[in-house]
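Visitor: Handing you a structure now.
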Amino acid sequence: MSKKTQRLDVLAAISGVMIALQARANGELSHLIGNGVQAALVSFGSGLAIIAVIALFNPAIKAGAANLRGAITRKELPKWTLFAGALGGSFVAVQTHIVPLIGVAIYSVASIAGQTAASLVVDRIGLTGGGKKHITPRRIGAALFTVFAVFISVFDRLDAQNLSIFAVILGCIAGAIVGVQRALNGQINEHSHQSFTTSLLNFIMGTAFLVIFLFMLIALGPTELVPLPAGPWWIYTGGVIGVIYIAFTSTIVQHLGVLTFTLFSVGGQLVGSLIIDFYSPTEGVQVSAYLVTGIVMTYCGVLVGGVNNSQSRKRLNQ
470 MSKKTQRLDV LAAISGVMIA LQARANGELS HLIGNGVQAA LVSFGSGLAI
520 IAVIALFNPA IKAGAANLRG AITRKELPKW TLFAGALGGS FVAVQTHIVP
570 LIGVAIYSVA SIAGQTAASL VVDRIGLTGG GKKHITPRRI GAALFTVFAV
620 FISVFDRLDA QNLSIFAVIL GCIAGAIVGV QRALNGQINE HSHQSFTTSL
670 LNFIMGTAFL VIFLFMLIAL GPTELVPLPA GPWWIYTGGV IGVIYIAFTS
720 TIVQHLGVLT FTLFSVGGQL VGSLIIDFYS PTEGVQVSAY LVTGIVMTYC
770 GVLVGGVNNS QSRKRLNQ
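The opening position of the sequence shown corresponds to residue 470 in my numbering, with each subsequent residue numbered one higher.
See below:
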């Protein structure tokens, strides 16, 4: 393995840690203001502001947008796929709600389990745009294994009053949502030929969705806008982390490939989430042997399913 590849492996793992840090920042902001949707909007909106400024000085992003318009005009890309960012907005909204309840580590395990399970359906129907793929017994086993890892992670807290099983289930659903979003982004990126254009579109759609959703909640219920807290400063880093993560992935994936990047990224996310819950836990969250075991099982499940996926790229006949 070359030194360059080793450095990229480390950067891929760091990008996974960023996901855990973003979850902690967004979760704390949601806890302080008591409004998960508003917290998600702050995160998405700040990210949109940053990437919009970048787009002003980056001709490649504008070229990517022109490519997308051409693909839509030629009906090569369905218009509804452009709303993939709304899934990202709903994912962050769910994330901000449940991290304060179950902690970053359990959330990460549940989210990855949901992504793994959703990948079976996504690959089977060919939602990524790369054709349908076989669902092998090995991949099914890996998905079931990661779902079982969620149960192991929370086993010692099943009868605890401070554990919300509903929040754990929502974590799985959030993972499934982001799995579908990535598949749709695959289609968009195939036509834009510019990952930052795809990201800009996601931030626009995600922010628009959260604005509409928040004002619907205000109009229909007791929800109201809350003044943002003065600090700590790191609770406002969710959007910045999201943009940096995009910059990492758009560069590293081209050299490492999707499989290698995913494995190192998941490893970084799980280890990072464990460290965060150990040194800066949310209230009522503790690191146990069951949680550590569940994290190890989750990574093993992703590893087995990922390796198998790289060896089975055959397309099914339409």
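Yeah, the Cβ is synthetic: ideal placement off N, Cα and C, and Gly gets one too.
What does a CB cutoff of less than 6 Å around LEU653 pick up in its chain, not counting 5 residues either side in sequence?
Guide: Closer than 6 Å at the Cβ level, and outside the excluded window around LEU653, lie THR550, ALA553.
Visitor: When you compare the CB positions of LEU501 and GLY741, do they come within less than 9 Å of one another, or not?
Guide: It is not a contact, given that the beta carbons lie outside the stated cut-off.
Visitor: Below 8 Å on the Cβ atoms is my guess for ALA618 versus THR767; work out the distance and round it to an integer in Å.
Guide: Their Cβ separation, rounded to whole angstroms, is 4 Å, which keeps ALA618 and THR767 in contact under 8 Å.
Visitor: Spatial neighbours of ALA444 within its chain, please: CB distance less than 6 Å, with the 5 preceding and 5 following residues excluded, ordered by chain position.
Guide: Outside the shown range of the chain, which is 470 to 787, sits residue 444, and nothing can be said about it.
Visitor: Going by beta-carbon coordinates alone, are ALA582 and ALA612 separated by less than 9 Å?
Guide: Contact flag set, yes.
Visitor: Please name the residue, chosen from VAL647, THR706, VAL712, that lies closest to SER577 on a Cα-to-Cα basis.
Guide: Ranking VAL647, THR706, VAL712 by Cα distance to SER577 puts VAL647 first.
Visitor: Would you mind sorting THR542 into buried or exposed? The rule is 16 or more other CB atoms within 10 Å of its CB.
Guide: When all chains shown are included, THR542 counts as exposed.
Visitor: For GLY514, I'd like the list of residues in its chain whose CB is within less than 6 Å of its CB, leaving aside the five on either flank, ordered along the chain.
Guide: Closer than 6 Å at the Cβ level, and outside the excluded window around GLY514, lie THR676.
Visitor: Using only the alpha-carbon positions, how far apart do ALA699 and SER499 sit?
Guide: The straight-line gap from Cα to Cα measures roughly 14 Å.
Visitor: Assess contact between the stretch 706 to 716 and the stretch 584 to 595, defined as three or more Cβ pairs (one per stretch) separated by less than 8 Å. Is contact present?
Guide: Short answer: they don't touch.
Visitor: Could you check whether the stretch 556 to 575 touches the stretch 520 to 530, counting it as contact only if at least three pairs of C-beta atoms, one from each stretch, sit closer than 8 Å?
Guide: As far as the Cβ criterion goes, the stretch 556 to 575 does not touch the stretch 520 to 530, which means the pair count is below three.
Visitor: Is the beta carbon of GLY711 less than 9 Å from the beta carbon of ALA481?
Guide: Their beta carbons are not under 9 Å apart, which means GLY711 does not touch ALA481 by this criterion.
Visitor: To the nearest whole angstrom, what separates the beta carbons of ILE571 and VAL506, a pair I think is in contact under 8 Å?
Guide: ILE571 to VAL506, Cβ: 18 Å. No contact.
Visitor: In chain order, what residues of the same chain lie with their CB nearer than 6 Å to the CB of SER757, ignoring the 5 residues before and after it?
Guide: Around SER757: ASP625.
Visitor: Inspect the CB distances between the stretch 659 to 670 and the stretch 483 to 497 and report whether three or more fall short of 8 Å.
Guide: Cβ pair count under 8 Å is below three, so no.
Visitor: Please name the residue, chosen from PRO701, SER668, ILE609, ILE567, that lies closest to VAL771 on a Cα-to-Cα basis.
Guide: VAL771 has its Cα closest to that of ILE609, out of PRO701, SER668, ILE609, ILE567.
Visitor: Can you give the Cα-Cα distance for LEU679 and SER512, rounded to whole angstroms?
Guide: Using only the alpha carbons, I get a separation of about 10 Å.
Visitor: Using the C-alpha atoms, what's the distance from ALA586 back to THR762?
Guide: Distance between the alpha carbons of THR762 and ALA586: 20 Å.
Visitor: For VAL568 and ALA492, which I take to be in contact (beta-carbon distance under 8 Å), what is that distance rounded to the nearest angstrom?
Guide: Correct: roughly 5 Å between the Cβ atoms.
Visitor: How far does the alpha helix (DSSP H) with ALA688 in it reach, from first residue to last?
Guide: From DSSP, the alpha helix (DSSP H) with ALA688 extends over 664 to 689.
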